[in-house]
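In UniProt numbering, the protein residues as written are 1 to 208. Below is one structure, written out as structure tokens, with a few remarks after it.
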Ligand code: PRP
Ligand code: URA
């Protein structure tokens, strides 16, 4: 069963409200998504293992720390791109892969159109970034591809998760912890999350 981590933070709850509001314009939507992504990055980082190193201050030597494993961020195109900037600000030496998936609007199945990720995934922590976990089809397909290429320490960072998507991840990738800013009620009959925020990609890129 996936470890489900709901980010409980008043600033995040305020920003999720801004993101849900249909009157929020593109610039404010991007800004709120960016702020929530910082909070998710900080929460996820609590699980990173540290390695002790020595550091020399202007006065003496002392103990310092570095993150033990290389971090690989994998935004799912398009909407996942909106989370990259905040994650890279917090983890500047992360590598970034990309997965291109587009949900077929009728079947709701993801159509795979792009894959590029660093080679040494087996030595890294691989974090998939996608604001929406709806049916779970896109997340499951992403981890299928990444695990096939050697990823063995994976996490999912999303903004809003539906119970249907969590169930599918539980069935297909129970080892992957899910971090989300909100756990919503259900999907509607065309696969949109309720109450949700609408189409994350369209609202981020102003393609409504
Ligand atoms: C959205 C979203 C996820 C996917 C979630 O992408 O960003 O990738 O849908 O749905 P699922 O859990 O049912 O697979 P979309 O296909 O709309 O593409 P876009 O990011 O290019 O808008
Ligand atoms: N993708 C979105 O962008 N929003 C949803 O509600 C479901 C899938």
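Glycine included, every Cβ here is placed at the ideal spot set by N, Cα and C. Every value quoted in this text rests on a predicted model; they were computed, and no experiment measured them.
Kindly indicate which residue of the options has the alpha-carbon position closest to the one of residue i.
{"i": "residue 187", "options": "196, 84, 74 and 179", "result": "196"}
{"i": "residue 52", "options": "114, 67, 200 and 12", "result": "67"}
{"i": "residue 4", "options": "204, 203 and 177", "result": "177"}
{"i": "residue 153", "options": "131, 122 and 181", "result": "122"}
{"i": "residue 206", "options": "28, 14 and 7", "result": "28"}
{"i": "residue 201", "options": "16, 26 and 2", "result": "26"}
{"i": "residue 164", "options": "49, 16 and 183", "result": "183"}
{"i": "residue 97", "options": "82, 128 and 103", "result": "128"}
{"i": "residue 100", "options": "92, 93 and 116", "result": "116"}
{"i": "residue 103", "options": "190, 93, 194 and 7", "result": "190"}
{"i": "residue 147", "options": "69, 126, 131 and 158", "result": "126"}
{"i": "residue 130", "options": "6, 73 and 151", "result": "73"}
{"i": "residue 69", "options": "198, 120 and 6", "result": "120"}
{"i": "residue 12", "options": "34, 113 and 23", "result": "34"}
{"i": "residue 118", "options": "59, 150 and 111", "result": "150"}
{"i": "residue 159", "options": "46, 60, 75 and 64", "result": "75"}
Put residue i into one of helix, strand or coil per three-state DSSP.
{"i": "residue 181", "result": "strand"}
{"i": "residue 119", "result": "coil"}
{"i": "residue 191", "result": "coil"}
{"i": "residue 84", "result": "helix"}
{"i": "residue 167", "result": "helix"}
{"i": "residue 5", "result": "strand"}
{"i": "residue 174", "result": "coil"}
{"i": "residue 13", "result": "helix"}
{"i": "residue 68", "result": "coil"}
{"i": "residue 197", "result": "coil"}
{"i": "residue 73", "result": "strand"}
Starting from residue i, follow the beta strand (DSSP E) in both directions and report where the run begins and ends.
{"i": "residue 161", "result": "154 to 161"}
{"i": "residue 135", "result": "Element bounds for residue 135: n/a, residue is neither H nor E."}
{"i": "residue 204", "result": "Here residue 204 belongs to no beta strand (DSSP E); instead the alpha helix (DSSP H) covers 200 to 205."}
{"i": "residue 129", "result": "124 to 129"}
Heavy atom of ligand 4 less than 6 Å from the Cβ of residue i, yes or no?
{"i": "residue 175", "result": "For the structure depicted, ligand 4 is absent and the ligand set comprises only ligand 1 and ligand 2."}
Can you tell me where the alpha helix (DSSP H) with residue i in it begins and where it stops?
{"i": "residue 106", "result": "That residue, residue 106, is in no alpha helix (DSSP H); it is neither H nor E in DSSP."}
* Quick one: complete alpha helix (DSSP H) runs, 4+ long, within the segment 17 to 60? -> Whole alpha helix (DSSP H) segments, 4+ residues: 26 to 45.
* contact_flag[the segment 133 to 148, the segment 165 to 174] where n(CB pairs < 8 Å) is 3 or more -> They touch, by the three-pair rule.
* Sufficient close CB pairs (3 or more, under 8 Å) joining the segment 86 to 93 to the segment 38 to 46 -> Taking 8 Å as the limit for Cβ pairs, the verdict is that the segment 38 to 46 does touch the segment 86 to 93.
* Touching or not, the segment 54 to 65 and the segment 98 to 116, by the rule of three or more beta carbon pairs under 8 Å? -> No, they do not touch.
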